[in-house]
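Sequential numbering from 3 applies to the sequence shown in this note's numbering.
One structure is given here, and the rest of the page talks about it.
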Amino acid sequence: MAGDALADELALALDLADLADAETLHRYEQRAFTIDRKADRSEVTEADREAETAIRRRVLADRPHHALFGEEHGLVGPPTSPWRWIVDPVDGTSNFVRAIPVWATLIALTHEAEVVVGVVSAPALGRRWWASRGGGAFVDGRPIHVSAVDSLDAAQVSVTFSAGWDELGLTSRLVELQQAAWRARGFGDFWQHMLVAEGRVEVAVEAEVNIWDVAAVQVIVEEAGGRVTDLRGRRTIRGGNVVTSNGRVHDEVLAELATAVESADARAEVPD
């Protein structure tokens with residue numbers, strides 16, 4: 003589906019980001035929110051809930067034939083629709099709570115399960131990224147493209163640290179990956195992937211992600227010329243982990259990490 007055919011959907015996605023920013027930024031700046039804990043102990047605030055509610059209300063009004071799946075409120079709209087919005091109202095809630103400006107609203111639109119529009123809006127950083135399938139990727143209206151670095155030893159790698167690396171048995175491999183790179187940093191969450199899309203970082207990896215963390219990221223990085231897979235090399239937004247890169251060093255990264263994942267899978271399949 004060409005980018006020009008998606009112009010109306012991208013325009014709506016940008017409007018939805020405006021609605022979310024209006025719910026989140028003033029609460030962040032004024033520290034005007036309470037904090038609850040989900041079952042997994044992660045934080046959730048009124049900003050998360052109200053931003054998703056505002057987005058949901060607008061989508062149901064303007065696109066009643068579309069479905070929407072949000073992190074906080076689940077699925078609404080016709081469940082069999084070929085069109086589905088995927089929303090993370092605040093990616094980086096822990097940063098939001100601690101007054102760290104690295105948080106964003108992630109909005110994606112899928113058609114027949116393919117992500118065709120993505121917006122990442124980070125109002126506290128004063129930046130917004132977007133893309134439509136076939137229409138290129140942009141930050142604040144300027145086209146962006148991944149870097150031309152073509153070897154891991156010349157690449158900058160960003161990592162989101164979590165217990166998931168231990169659970170995958172990949173912590174030692176992750177250290178080796180960082181040592182093999184020219185430079186390693188931990189920008190975290192959506193930001194590291196947007197830095198890949200902008201050509202400022204060559205690789206970003208996360209061991210624990212959900213579909214709402216990856217959907218908008220995928221189309222933006224790919225439209226910027228990059229590659230997005232899970233640690234096994236599969237192009238998916240449902241892999242539970244993610245690697246984004248400029249494409250040129252992607253296979254090197256997978257070689258560092260995917261073999262260990264495959265070995266863990268094989269061990270798990272061996273009967274007692």
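For every residue, glycine included, the Cβ atom is placed at its ideal position computed from N, Cα and C.
Would you check if the distance between the CB atom of residue 71 and the CB atom of residue 222 is smaller than 9 Å?
-> Here residue 71 refers to the residue found at position 69 of the sequence shown. Here residue 222 refers to the residue found at position 220 of the sequence shown. Not in contact: residue 71 and residue 222 (Cβ atoms no closer than 9 Å).
My understanding is that residue 1 touches residue 250, with C-beta atoms under 8 Å, so please give their C-beta distance in whole angstroms.
-> An answer regarding residue 1 cannot be provided, because it is not within the stretch 3 to 274 covered by the chain.
Okay, do the region 180-200 and the region 90-99 touch, 3+ Cβ pairs below 8 Å being the bar?
-> Counting C-beta pairs closer than 8 Å gives three or more between the region 180-200 and the region 90-99, which meets the contact rule.
Drop a sphere of 10 angstroms on the beta-carbon of residue 177, count the other beta-carbons inside from all chains shown, and report buried for 16 or more, exposed for fewer.
-> Along the sequence shown, one-based indexing puts residue 177 at 175. Exposed is the call here.
Residue range of the beta strand (DSSP E) that residue 76 falls in?
-> For this step, residue 76 is matched to residue 74 along the sequence shown. That run of the beta strand (DSSP E) goes 76-78.
Measure how close the beta-carbons of residue 138 and residue 225 come, nearest whole angstrom, since I'm counting them as under 8 Å.
-> The residue given as residue 138 occupies position 136 in the sequence shown. The residue given as residue 225 occupies position 223 in the sequence shown. Under the criterion of beta carbons closer than 8 Å, residue 138 and residue 225 qualify as touching, at roughly 5 Å.
Distance between residue 240 and residue 132 (C-alpha atoms, nearest Å) = Here residue 132 refers to the residue found at position 130 of the sequence shown. Here residue 240 refers to the residue found at position 238 of the sequence shown. Linking residue 132 to residue 240 through their CA atoms gives a straight-line distance of about 21 Å.
Quick one: what's got a C-beta closer than 7 Å to residue 25's C-beta in the same chain, skipping five residues either side?
-> Translated into positions along the sequence shown, residue 25 becomes position 23. For residue 25, where only same-chain residues beyond five positions count, the Cβ hits under 7 Å are 49, 52, 53 and 56.
Are residue 145 and residue 124 touching if we call contact CB-CB under 9 Å?
-> On the sequence shown, residue 145 is found 143 positions in, with the first residue counted as 1. On the sequence shown, residue 124 is found 122 positions in, with the first residue counted as 1. No, Cβ-Cβ distance for residue 145 and residue 124 is not below 9 Å.
Span of the alpha helix (DSSP H) holding residue 213?
-> The residue labelled residue 213 in the question sits at position 211 within the sequence shown. Judged by DSSP secondary structure, residue 213 falls within the alpha helix (DSSP H) whose first and last residues are 213-225.
Please specify which runs of the beta strand (DSSP E), each continuous and at least 3 residues long, are wholly inside the region 227-260, giving them in chain order.
-> DSSP runs (the beta strand (DSSP E)) wholly in the region 227-260: 229-231 and 244-247.
Please go through the same chain and pick out, in chain order, the residues whose beta-carbon is closer than 7 Å to the beta-carbon of residue 142, but skip the five residues on each side of it.
-> For the purposes of this step, residue 142 is taken as residue 140 along the sequence shown, with counting starting at 1. Within the same chain, 129 and 130 come within 7 Å of residue 142 by CB-CB distance, once the 5 residues on both sides are set aside.
So what does DSSP say about residue 55, is it helix, strand or coil?
-> Taking the first residue of the sequence shown as position 1, residue 55 is located at position 53. Helix.
Rounded straight-line distance, which links the Cα of residue 244 to that of residue 153 = As a working note, residue 153 is residue 151 in the sequence shown. As a working note, residue 244 is residue 242 in the sequence shown. Near 20 Å, if we compare the C-alpha coordinates of residue 244 and residue 153.
Can you grab the Cα-Cα spacing for the pair residue 235 / residue 39, in whole Å?
-> Here residue 235 corresponds to residue number 233 of the sequence shown, with the count starting at 1. Here residue 39 corresponds to residue number 37 of the sequence shown, with the count starting at 1. Cα-Cα distance, rounded: 33 Å.
Counting only the same chain and skipping the five closest in sequence on each side, list residues whose C-beta sits under 8 Å from that of residue 257.
-> Against the sequence shown, residue 257 aligns to sequence position 255. Sequence-distant partners of residue 257 (beyond 5 residues in either direction) whose C-beta falls short of 8 Å from its own C-beta are missing from its chain.
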